[in-house]
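**Student:** The sequence shown lines up with residues 1 to 189 when you count with UniProt numbering.
Note that the Cβ used here is the ideal one computed from N, Cα and C, for glycine as well.
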Amino acid sequence: MAEAVLGRRERQRLRMRARLLEAALSLFEAQGFESTTIDQIAERADVARQTVLNHYPAKRDFVLAWGERRRQEAAAADVLGAGSMRERLHRLYDVLAEVNERERQLTRMLRGQMVVPQPIPPALTAALDDGAATGELLKGISAQDVAEILAAVYFDTQNRWLLEEPAGFDLKAALSRKLDLILGQLTST
Numbered sequence: 001m002a003e004a005v006l007g008r009r010e011r012q013r014l015r016m017r018a019r020l021l022e023a024a025l026s027l028f029e030a031q032g033f034e035s036t037t038i039d040q041i042a043e044r045a046d047v048a049r050q051t052v053l054n055h056y057p058a059k060r061d062f063v064l065a066w067g068e069r070r071r072q073e074a075a076a077a078d079v080l081g082a083g084s085m086r087e088r089l090h091r092l093y094d095v096l097a098e099v100n101e102r103e104r105q106l107t108r109m110l111r112g113q114m115v116v117p118q119p120i121p122p123a124l125t126a127a128l129d130d131g132a133a134t135g136e137l138l139k140g141i142s143a144q145d146v147a148e149i150l151a152a153v154y155f156d157t158q159n160r161w162l163l164e165e166p167a168g169f170d171l172k173a174a175l176s177r178k179l180d181l182i183l184g185q186l187t188s189t
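1) Please report how far the alpha carbon of Phe169 lies from the alpha carbon of Gln158, in whole angstroms.
2) Looking at the strands, I want to know which residues DSSP matches up with Leu137.
3) For Thr134 and Glu103, what's the separation of their Cα atoms in angstroms?
4) From Leu110, Leu183, Arg9, pick the residue whose C-alpha is nearest to that of Phe33; which is it?
5) Using only the alpha-carbon positions, how far apart do Ala42 and Leu64 sit?
6) Report the option in Thr107, Pro119, Asp145, Thr36 whose CA atom is closest to the CA atom of Glu165.
7) Only counting the same chain, and skipping five residues up and downstream in sequence, which positions put a Cβ closer than 8 angstroms to that of Ser26?
8) What is the DSSP secondary structure of Phe169, reduced to helix, strand or coil?
9) For Pro119, which three-state DSSP category applies?
10) Report all residues from its chain with a CB closer than 7 angstroms to the CB of Gln40; omit the five preceding and five following residues, and keep chain order.
Here it is in structure tokens:
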């Protein structure tokens, strides 16, 4: 929903949540998830402890919100726009690689706190559903199964990329190569 359509109270709530999330993420990146306290987040955001808890009842809720923000960023990057299923999936993986490159240290800090299994980005599922409907996916292949495979490949590749400091390979190139390998076996093009 566009912010212009929201009421003043809801806009204020969303701004506060964003402010608290930014405070928490900056602390997580600087000192780690485990070492960061709710009191420190409140101090960084210049609010009362209860304000933090009203918006994020558990510290892990910040990680969930961070993951959701990343998925929304990927969806907003015209992944659902024009083009073939393959083109859309490449755009999605490119955006995810860029987000990871931008937030590499934070991602390294929070990867152990992420929900398992990871949610499949809706943009991924939408592109595959469209590909199945237009015949880009071979008949009899489940778009949901392919979404789960591609998500698993993404998270495994991301994890391997995060293990080395500095990164031992180009994340965007690796994701693109693996995507083409998988789609080459599952598509009619």
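**Tutor:** Taking the definition as stated:
1) 11 angstroms
2) Checking the DSSP bridge columns, you'll see Leu137 partnered with Thr187.
3) 35 angstroms
4) Leu110
5) Between Ala42 and Leu64, the C-alpha separation is close to 18 angstroms.
6) Thr107
7) Arg44
8) coil
9) coil
10) Leu27
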